[in-house]
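Report on the structure given below.
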Amino acid sequence: MHATAPLDTAANANAAPTDTQVVEERDAAGRLLSRCGLAGGLPQGRMERFAPHGTLLLEADYVAGKLSGWLRSYDAAGEPVLASHYAGGLRHGPSQSYQQGRLACREHYVNGVLEGERNCYGPAGELVAQAVFRQGLLEGEAIWLHEGVVVRRSRFRAGKLDGETRSYAADGTLTLSEPFRADLLHGTARRFDEAGRVSWQRDYMEGKPRGEWRAAAATDNGAAAPSFSRRLERWVRG
Numbered sequence: 010m011h012a013t014a015p016l017d018t019a020a021n022a023n024a025a026p027t028d029t030q031v032v033e034e035r036d037a038a039g040r041l042l043s044r045c046g047l048a049g050g051l052p053q054g055r056m057e058r059f060a061p062h063g064t065l066l067l068e069a070d071y072v073a074g075k076l077s078g079w080l081r082s083y084d085a086a087g088e089p090v091l092a093s094h095y096a097g098g099l100r101h102g103p104s105q106s107y108q109q110g111r112l113a114c115r116e117h118y119v120n121g122v123l124e125g126e127r128n129c130y131g132p133a134g135e136l137v138a139q140a141v142f143r144q145g146l147l148e149g150e151a152i153w154l155h156e157g158v159v160v161r162r163s164r165f166r167a168g169k170l171d172g173e174t175r176s177y178a179a180d181g182t183l184t185l186s187e188p189f190r191a192d193l194l195h196g197t198a199r200r201f202d203e204a205g206r207v208s209w210q211r212d213y214m215e216g217k218p219r220g221e222w223r224a225a226a227a228t229d230n231g232a233a234a235p236s237f238s239r240r241l242e243r244w245v246r247g
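In terms of my numbering, the sequence shown opens at residue 10 and continues consecutively.
Here it is in structure tokens:
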């Protein structure tokens with residue numbers, strides 16, 4: 010079974026009406042399925058739900074019918090699925106989701122909207138994605154990783170791809186550079202060979218290709234990252 014931190018019952022108790030009563034639901038065998046405080050017909054205080062065999066499936070706090078404090082849900086084995094903080098019925102504060110009991114994603118909300126950094130994790134707890142949200146929209150740089158190596162790096166503005174997106178091989182070598190504007194390919198996309206030289210390129214305008222992929226001429230390889238710069242980028246990315 011799981012161990013949980015206490016919910017914010019102390020703060021909620023101060024706002025609880027004096028006529029709050031606890032209502033329980035049981036199955037035909039008398040097993041407890043749910044327990045909830047009610048005041049004036051609205052949830053008030055702690056709410057809990059249970060599986061028929063007794064495992065806690067949900068625990069949450071309410072104030073005047075609105076979620077206020079931590080909501081935590083669990084699977085049938087008692088492993089965590091979600092832990093999210095609420096205020097006034099909206100997600101507000103930290104939130105964590107789980108897969109098979111392991112942390113899968115950590116994020117933050119303000120008045121029901123994603124705000125700040127979101128980190129997602131793989132089966133071994135390794136970081137697999139990182140992004141920043143502003144008022145619910147992706148903003149700035151986002152990265153995706155595989156076994157600790159960045160395999161993609163993109164930039165966003167107001168939730169849309171805007172700027173260069175770079176893709177990398179498993180060893181961290183740059184393989185593709187794509188320019189975006191307002192979520193559409195716009196500019197010259199470039200493919201790189203193992204030595205970091207531009208091998209193919211293609212032009213785009215507002216998401217539409219302007220011709221086919223063409224082999225890069227020797228003079229085009231000035232766009233490839235110089236050897237030292239490529240090494241520096243790999244050092245920075247780890």
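Idealized CB from N, CA, C, for every residue including glycine. Keep in mind the model is a prediction, meaning the values are calculated, not measured.
Within the same chain, Cβ atoms closer than 6 Å to the Cβ of residue 52 are found at 45, 71 and 74, the five residues on either side in sequence being excluded. As summarised for the region 75-162, the continuous beta strand (DSSP E) elements at least 3 residues long and confined to that stretch are 75-83, 89-96, 99-108, 111-119, 125-130, 136-143 and 149-155, given in chain order. Going by C-alpha positions, residue 180 is about 20 Å away from residue 209. Using a Cβ distance threshold of 8 Å, residue 137 and residue 125 do not count as a contacting pair. Counting C-beta atoms within 10 angstroms of its own C-beta, residue 31 has fewer than 16 neighbours from the protein chains shown and is therefore classed as exposed.
For residue 197, the enclosing beta strand (DSSP E) begins and ends at 196-201. Counting of Cβ neighbours within 10 angstroms places residue 155 among the exposed residues, the total staying below 16.
With a threshold of 16 other beta carbon atoms within 10 Å, residue 157 falls short and is exposed. Under the criterion of beta carbons closer than 8 Å, residue 187 and residue 194 qualify as touching, at roughly 6 Å. Taking each of 177, 100, 225 and 178 in turn and checking the Cα distance to residue 197, the smallest one comes out for 225.
By the neighbour-count definition (other C-beta atoms within 10 Å, threshold 16), residue 222 is an exposed residue. Per the C-alpha coordinates, the member of 50, 202, 47 and 58 positioned closest to residue 35 is 58.
Assignment of beta-bridge partners to residue 209 by DSSP yields 200 and 224. By the CB criterion at 8 Å, residue 168 and residue 147 fall inside the cutoff. For residue 35, the uninterrupted beta strand (DSSP E) run begins and ends at 30-35, by DSSP. Taking C-beta separations shorter than 6 Å and ignoring five residues to either side along the sequence, the partners of residue 150 in its chain run 164, following chain order. In this structure, the alpha-carbon of residue 94 lies about 46 Å from that of residue 218. Take residue 99, set aside five residues on each side of it, and the residues of its chain with a beta-carbon closer than 7 Å to its own are 120 and 121, in chain order.
Residue 106 is positioned such that its CB atom lies closer than 8 Å to that of residue 113. For residue 54, DSSP records a beta bridge to 71.
If you ignore the 5 residues before and after residue 29, its C-beta comes within less than 8 Å of the C-beta of 46, 47, 48, 53 and 54, all in its own chain and listed in chain order. Closest in C-alpha terms to residue 118, from the list 161, 220 and 103, comes 103. Residue pairing by DSSP places residue 187 opposite 174 in a beta bridge. Annotation for residue 60: no beta strand (DSSP E) segment contains it, and DSSP assigns it neither H nor E.
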